[in-house]
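Residue numbers (our numbering): 26 to 147.
Here a beta-carbon is modelled for each residue, glycine too, at the ideal position from N, C-alpha and C.
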Ligand SMILES: [Zn+2]
């Protein structure tokens, strides 16, 4: 799914080998593509871009221009971002606890795909 970006946003967008959520990222830059989980509302599973922090909430802008605040740990990172800024998320259900977790880029490229979340099997 393509997310419209500001022209200068993609240089800040990162897909990392080991981080899974915005909470894990040390440098949280505007323009970071994220996928919303653990919310249950209309935005569940939707993709947007991180804008800034508002108190303890990470503010995310969606393609329809709506902005909403989330707990940074509910904002998953993409496993890949293409040169044109398109972000790809690989989100799985843990086979042990059934919670949702994203594959990192390293796991996405691994021969054997991870099927348990980091809490069940770090
Ligand atoms: Zn689990």
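Can you tell me where the beta strand (DSSP E) holding residue 117 begins and where it ends? 116-118
My output table needs one value for residue 78: the three-state DSSP class, helix, strand or coil. Note: residue 78 maps to strand in three-state DSSP.
Measuring alpha carbon to alpha carbon, tell me which residue in 143, 52, 129 and 98 is nearest residue 44. 129
Could you tell me which of 85, 97 and 118 sits nearest to residue 56, measuring between CA atoms? 85
Provide the residue(s) that pair with residue 125 in DSSP beta bridges, ordered along the chain. 118
Buried versus exposed call for residue 126 [16 or more other C-beta atoms within 10 Å across all chains shown]: buried
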